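S.K.: Residue numbering for the sequence shown follows this note's numbering, starting at 1034 and increasing by one per position. The beta carbon of each residue, even a glycine, is placed where N, CA and C say it ideally should be. From a predicted model like this one, the values you see are computed outputs, not experimental measurements. Encoded as structure tokens, here's the structure I'll be asking about.
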Amino acid sequence: MIHLDKPISSNGYGIAVVSAEIFQELCKEHRIRSKKMLTYFDKNHNVFYDFIKKGAFVPIPRIRAYYYQIFITINDNRTTDEEWDSIPTEETFFLEVKDEALWICSFEQIENWKYKDLENCTNIETYYYLSYEGERYTAYSAAKYTIPNGKYKIKIIGLRNKKVEKEEKFRKGYAFLIQIEKVDSIINISDSSQLDFSKLFE
């Protein structure tokens, strides 16, 4: 299991698993000039579903504006340590990787899409923040994980830390486990825009 150790800010109230090269290819295919991609998707639902169908990204919408730890497994169904409660989903999603890179991005990063920002880097810092003890931390709008090229089935599990104090929940109380399994062909795809992780915050 890989822990990215880069807390992703959910500015825009969502994060996404992104294949940046496929995403950019589809921007060109659809002749999209706007950089405000979420706004564009809201107005062009057919294009949004084409991005989903072709494995460009998997959005995780309607989550609180916290900082989320990210765990990744490949061809491995292990879950995390006992300190985490898990909120699994039944849905299965699809992602295709061409540039050996899987990105976890905030919705803010998607809304202000700049492919060049993701080239030749491994993460994008968004800002610094202080804990209640006054410690300084970095939040990220994007973080990269190197992965072999190919087609992948994806499952997403929400995680809630049992041991974190209430005052620190926004910073280290929540996470997502991205389970990735390599496949030979495109699978039946769920609509990730309907993902509901409201139970994660109860």
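Would residue 1134 pass as a contact of residue 1106 if the rule is Cβ separation under 8 Å?
M.R.: No, they are not a contact pair.
S.K.: Out of 1196, 1166, 1139, point me to the one whose CA is closest to residue 1176's CA.
M.R.: The shortest Cα separation from residue 1176 among 1196, 1166, 1139 belongs to 1139.
S.K.: Between the Cα of residue 1143 and those of 1040, 1045, 1039, 1036, spot the shortest distance and give me the residue it belongs to.
M.R.: Among 1040, 1045, 1039, 1036, the Cα nearest to that of residue 1143 belongs to 1045.
S.K.: Could you give the DSSP three-state label for residue 1063: helix, strand or coil?
M.R.: Coil.
S.K.: Using the Cα positions of residue 1034 and residue 1219, report the straight-line distance between them to the nearest angstrom.
M.R.: For residue 1034 and residue 1219, the distance between alpha carbons rounds to 24 Å.
S.K.: Can you name the residues that DSSP bridges to residue 1237?
M.R.: Since the first residue shown for the chain is 1034 and the last is 1235, residue 1237 is missing from the structure and cannot be characterised.
S.K.: For a test of the three-state rule: what should DSSP assign to residue 1100, helix, strand or coil?
M.R.: If DSSP states are grouped into helix, strand and coil, residue 1100 belongs with the strands.
S.K.: Please confirm if residue 1181 has its CB atom under 8 Å from at least one CB of chain C.
M.R.: In the structure shown, chain C does not exist; there is a single protein chain.
S.K.: Would you check if the distance between the CB atom of residue 1141 and the CB atom of residue 1223 is smaller than 8 Å?
M.R.: Cβ distance not < 8 Å, so residue 1141 and residue 1223 don't count as in contact.
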